[in-house]
Structure formats: C-alpha cells, structure tokens
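Participant: Got a structure here, written out as structure tokens. Questions coming.
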Amino acid sequence: AQVTPELLELTNRYARVPGSERSFVRTLQTGVGLFGSKDCAGVARIAQRLDRPTLVVWGRQDRVFPPVYAERAAALLPRSSLCLIDRCGHYPHWEQPDTFATAVEDFLTQ
Numbered sequence: 002a003q004v005t006p007e008l009l010e011l012t013n014r015y016a017r018v019p020g021s022e023r024s025f026v027r028t029l030q031t032g033v034g035l036f037g038s039k040d041c042a043g044v045a046r047i048a049q050r051l052d053r054p055t056l057v058v059w060g061r062q063d064r065v066f067p068p069v070y071a072e073r074a075a076a077l078l079p080r081s082s083l084c085l086i087d088r089c090g091h092y093p094h095w096e097q098p099d100t101f102a103t104a105v106e107d108f109l110t111q
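In this text, residue positions in the sequence shown follow the working numbering: the first is 2, and each later residue adds one.
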C-alpha cells in the first residue's frame with residue numbers, strides 16, 4: 002500500500018474536524034476490532050443471521066485491521082463474498098478506487 006500526500010491530506014482533514022479526537026478515543030475504548038478485540042458476540046450473532054448477499058472489501062496490506070479480520074467477517078456472514086485488494090492498506094476506496102469500484106460493480110450486477 003502506498004500512502005500518498007493526497008491520502009494523508011484526506012485522512013488528516015477528518016482528524017481536524019472538531020470532536021474527532023474524542024470520537025476516535027471513544028471508538029477505541031468500546032472495543033474496535035471487527036469481531037476481535039473485545040467481546041463482540043452479539044455482533045457476530047447478528048452477522049450470522051444476515052440473509053442478504055454481502056461484499057467484504059479489504060486491503061491486503063491493511064495494518065490497522067489485517068486481512069484475518071476480513072476472513073473472520075466473511076466466515077460469519079452466510080452469503081458473503083470476500084475481495085482482498087493487492088497493494089492496498091486501510092482505505093481501499095481511496096488507495097485503489099478503480100479496483101474497488103470494479104469489485105462493487107461486479108458484486109451488484111451478479
């Protein structure tokens with residue numbers, strides 16, 4: 002994954018929004034980590050009952066939430082498709098927008 006100056010600026014723009022720091026800290030304190038960091042059994046139970054097709058798109062080089070989390074999410078969702086995007090970190094829609102858009106379009110038209 003390549004972090005460009007544009008990606009840094011886009012990310013930092015959100016960090017400058019008043020209250021964003023407090024919001025970020027609260028998110029971490031409540032157990033961020035897709036079905037992983039803290040007990041998210043309730044979320045897992047809901048995910049397992051979801052009966053709609055679901056696309057899980059993830060950056061293969063995501064260092065915030067490594068791909069194992071994508072695999073766990075896809076395994077919990079009964080009708081899921083997993084798309085791991087190469088040369089991509091935490092922001093697939095920004096880092097690889099064409100690949101991301103193609104994956105979503107393919108999913109929606111199947």
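All C-beta atoms, glycine included, are put in the ideal place defined by N, C-alpha and C.
Would you say the segment 42-61 touches the segment 73-86, given that touching needs at least three Cβ pairs under 8 Å?
Facilitator: yes
Participant: For Pro98, count neighbouring Cβ atoms within 10 angstroms of its own Cβ and tell me buried if that reaches 16, exposed if not.
Facilitator: Residue numbering aside, residue 98 sits at position 97 when the sequence shown is read from its first letter. With fewer than 16 other beta carbons inside 10 angstroms of its own, Pro98 counts as exposed.
Participant: In angstroms, rounded to a whole number, what distance separates the CA positions of Glu22 and Trp95?
Facilitator: Position 21 of the sequence shown, counting from 1, holds the residue named residue 22. Position 94 of the sequence shown, counting from 1, holds the residue named residue 95. Distance between the alpha carbons of Glu22 and Trp95: 22 Å.
Participant: Is it buried or exposed, Ile86, if we count other Cβ atoms within 10 angstroms and call 16 or more buried?
Facilitator: Here the question's residue 86 lines up with position 85 in the sequence shown. So Ile86 counts as buried.
Participant: Taking the DSSP output, what are the residues bridged to Gly60?
Facilitator: Locating residue 60 in the sequence shown gives position 59, counting from the first residue. Answer is Ile86.
Participant: Using 10 angstroms around the beta-carbon of Asp107, count the other beta-carbons present and answer buried if the total reaches 16, otherwise exposed.
Facilitator: Indexing the sequence shown from 1 puts residue 107 at position 106. With fewer than 16 Cβ atoms within 10 Å of its Cβ, Asp107 is classed as exposed.
Participant: Mapping DSSP to helix, strand and coil, what is Pro12?
Facilitator: Position 11 of the sequence shown, counted from the start, is the residue given in the question as residue 12. Per the sequence presented here, residue 12 reads as Thr, with Pro not at that position. Reduced to three states, the DSSP call for Thr12 is helix.
Participant: So what does Thr55 bridge to, in DSSP terms?
Facilitator: For this step, residue 55 is matched to residue 54 along the sequence shown. The partner list for Thr55 (beta bridge, DSSP) reads Ser81.
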